[in-house]
Structure formats: C-alpha cells, structure tokens
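Residue numbers (my numbering), protein chains in the order written: chain A, 241 to 437; chain B, 241 to 437.
Note that the Cβ used here is the ideal one computed from N, Cα and C, for glycine as well.
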C-alpha cells in the first residue's frame, strides 16, 4: 500500500490507471458467484485490459493481488475521537454499519467462505486487512481498562469479537436498523464496564 | 421434512437412499467453491446417480432442494433445559460452538455470500432454517424478561443477534477457544440482565 501511495503522489497517471483497472477487475471477479475461484491473473488481465506482465510487476501472485484489492475497499477503521469508551465504540460501530451497503461487501463473504480451501489467502487477509481494523477497537478497549472505565479482567478479544459480531451477523447488505448500533454498544458497555462505574 | 420423516418411518429404503444421495449431492455442490451457482438440478441428479424426475417429484425447484438440504444439516437448536437464563444461553452457545467443525459449514457461508444474487433463496433459508433456531434463543430471553432476570426494555432481536454474532464471527471452521462461550454469555448477561439482579 505504501509503495502505491508513493507512486500516486509522484503522479504516474498511466500506471495509476492500470493499477486501478486491475484492482477493480479483481474485485468484480471476487464479487461474482465463483468468488476466489474466478480470480485468475489471466481473467484479471483480460478484464482490466492489461497484459499479465503488468500485473506481475506489481503483485507476485494472485493472493497478494486479492489481499491488496480487499484492503483498498476495507481500510482500517477511522481513529475514534477519544471521548468515553462508549462514544468511541459507537463511532466505530457506526463506521462499520456504514460499510454494509458498499458495492464490494460480497467480496468479503466470498473470501471468508473459501477460507478452508485457501487458508494462506485467508490468513493473509486476516493479518493485512482484518487485524488492523480490530487493532483500532482493541486500543479503545485497552484504554478503557487502563482508565478504569472497563473491567480489569476484560478479555480484549472477546470484547472486539462481540462488537464486530453483533454488527456483522445480520442480513448481508441490509442497513442496520435505526438505533441498533447504539443499543449494541450500550449493552456491551454494561457487559464489559467496570462494576459500579 | 415432515413428509420425509413419515416416508422414512414407513420404511421405503430405496426412496430413502435416493433422497439421501440427492441431499448429499446438493450439499457437496453447495460446499464447493462455485457455491449456489454450481447447484443445478442436472448436476445434482448426475452426482446422486438419479434421474432429474426423481428430484422434481420431491422438490419443485432448486431453491426448495437447497433449503431442505441446509435444514438437514442445521436443525433447530436443542430446547434448553430451562434453568436460569445464563444456563440456558450457555447450553445454546455451546451447541452453536459445536456445529462449527461440521463438514458442511461452508455451505452456509456460500448461501449467505450469494444473498444478493439469490434473494428468494436467502429469504427462504432465513425463514425455514435460521428463524426456527433464533426462536429458541428468543424464547429463553423472553422468559428471562417475564421472570425479571432480564431488563424489561430488552430488545430481543438485539439479544439474539449479539449472542449469535459473538459466536459466529470468528475464523470459520476453527473451534471456539476454551471458555469463550462462557465469557460471551457472562458478558451478555451483564449487558442484558435486570439492574441489580
């Protein structure tokens, strides 16, 4: 990602256009019903209108390309403003909720669904795309524990998973109902808050 | 399902064998990378070694067949023993956790992933397979509200979704860590429990 940004800043329009076309072609193929199976360097090249060599110059293999493409759609969560834990979690919850309608949401289901068949791709996706997002939530919870807002014995992974799970296990593509994120965060805060706080 | 059970009880081994072969072929195809797209009556018939007419005698279309096949793998959750809300939720959570390793878990990801492309199938899957399971959890929560164990203003849907989401948003196919279900249920109970109870 860093290299890409540098390239863009340096202003290399043709190269940038090619990269965008490649990333979009990858996401289009990934969102199609055949999912990961439908993404081959050949299919991406043909769809993006570039040669295979152009792809291999930037990405060593299909996995690297897919993970890069997913990262362009699912960026790390925005750093919350640093109010109370409740305020920060709510900001993050609303940000996650807002992502649900995005065009490429289906890509992620397809990658998760093929985790067993493509364990390396899935592991890399977790590490490069999902974990940086969870880190943002983890940091809010850790700050809450340090500051005494949250229980001293809080298992951060449980807190992160409960927040993410409560927001993501709904009908795919449907917007969250009004007030849903607030209720989830309030419930979670009661569950993980320091006793009597 | 009822008809099938009756048929089985009446002992019609050839018909039963055919039905099993059809259901298994459907699940095999559904678990494959092409997911829902790969399930056609033709492909199922060929894989199960039966004629297409045999399939159409039991299921009017591909959707009905897929939903029936999914229901054979994901039965309604077992009725909990009716102890405290915590005990009942923990029983349900452990039952859900135990399903994670099942051979056909991937079928469900594929159906959810294709929800946008196959909205009728997805809606029917929700109604026939998922909702009966959520009903079991809903009933436990409703009993808790009536009995005063849970908050009077509890939104049952939020409670159900938080429990299911916390257990399902993990690396697919991986067993839940020891003690995870307990921690989730305890956290949730603190979040939804009646104040001071």
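Between which two residues does the alpha helix (DSSP H) harbouring residue 294(A) extend?
For this step, residue 294(A) is matched to residue 54 along the first chain. Start and end: 292-298.
If we cut at 7 Å on Cβ distances, does residue 396(A) have a partner in chain B?
Against the first chain, residue 396(A) aligns to sequence position 156. No, no contact with chain B.
Helix, strand or coil for residue 390(B)? Go by DSSP, reduced to three states.
To locate residue 390(B), count along the second chain from 1; it is residue 150. Residue 390(B): strand per DSSP, three-state reduction.
Mapping the DSSP letters down to three states, classify residue 384(A) as helix, strand or coil.
Counting from one through the first chain, the residue named residue 384(A) turns up at place 144. Three-state DSSP puts residue 384(A) in a helix.
Just checking: is the beta-carbon of residue 335(A) within a distance shorter than 7 Å of some beta-carbon in chain B?
By one-based count along the first chain, residue 335(A) stands at place 95. No, residue 335(A) lies away from the interface with chain B (no Cβ there is under 7 Å from its Cβ).
Strictly by DSSP, which residues pair up with residue 433(B)?
Locating residue 433(B) in the second chain gives position 193, where the first residue counts as 1. Beta-bridge pairing links residue 433(B) to 390(B).
Using Cβ-Cβ distances below 8 Å, what residues of the stretch 265-284 of chain A are close to chain B?
Result list: 273, 274, 275, 276, 277.
Residue interval of the alpha helix (DSSP H) (run including residue 308(B))
Counting from one through the second chain, the residue named residue 308(B) turns up at place 68. Start and end: 302-313.
Could you tell me the alpha carbon to alpha carbon distance between residue 355(B) and residue 398(B), rounded to whole angstroms?
Along the second chain, one-based indexing puts residue 355(B) at 115. Along the second chain, one-based indexing puts residue 398(B) at 158. The alpha-carbon atoms of residue 355(B) and residue 398(B) are separated by roughly 22 Å.
If we call anything under 7 Å between Cβ atoms a contact, is residue 284(B) one with residue 312(B)?
Position 44 of the second chain, counted from the first residue, corresponds to residue 284(B). Position 72 of the second chain, counted from the first residue, corresponds to residue 312(B). Remark: C-beta atoms of residue 284(B) and residue 312(B) do not approach each other more closely than 7 Å.
By the three-class DSSP mapping on this structure, what secondary structure does residue 281(A) have?
Position 41 of the first chain holds residue 281(A). Helix at residue 281(A).
I need the DSSP call for residue 253(A), collapsed to helix, strand or coil.
The residue labelled residue 253(A) in the question sits at position 13 within the first chain. The three-state reading of DSSP puts residue 253(A) in helix, counting H, G and I together.
Between the C-alpha atoms of residue 423(B) and residue 272(B), what's the straight-line distance to the nearest angstrom?
Numbered from 1 along the second chain, position 183 holds the residue referred to as residue 423(B). Numbered from 1 along the second chain, position 32 holds the residue referred to as residue 272(B). Here the alpha carbons of residue 272(B) and residue 423(B) stand approximately 34 Å from one another.
In this structure, how does DSSP classify residue 418(A) when only helix, strand and coil are distinguished?
For the purposes of this step, residue 418(A) is taken as residue 178 along the first chain, with counting starting at 1. Three-state DSSP puts residue 418(A) in coil, outside helix and strand.
Exposed unless 16 or more other CB atoms sit within 10 angstroms - verdict on residue 300(B)
Numbered from its first residue, the second chain carries residue 300(B) at position 60. Taking all protein chains in view, the Cβ of residue 300(B) is surrounded by fewer than 16 other Cβ atoms within 10 Å, so the residue is classified as exposed.
In whole angstroms, what is the alpha-carbon distance linking residue 326(B) and residue 320(B)?
Looking up residue 326(B) in the second chain gives position 86. Looking up residue 320(B) in the second chain gives position 80. One C-alpha to the other measures close to 11 Å.
What are the residues in the stretch 335-359 of chain B lying within 7 Å of chain A by C-beta distance?
For the stretch 335-359 of chain B, residues whose beta-carbon sits nearer than 7 Å to a beta-carbon of chain A comprise 346, 349, 350, 352, 353, 354, 355, 356, 357.
Going by Cα to Cα distance, which pick from 258(A), 279(A), 259(A) is closest to residue 268(A)?
Within the first chain, residue 268(A) is the residue found at index 28, counting from 1. Taking only the C-alpha atoms, the option nearest residue 268(A) is 279(A).
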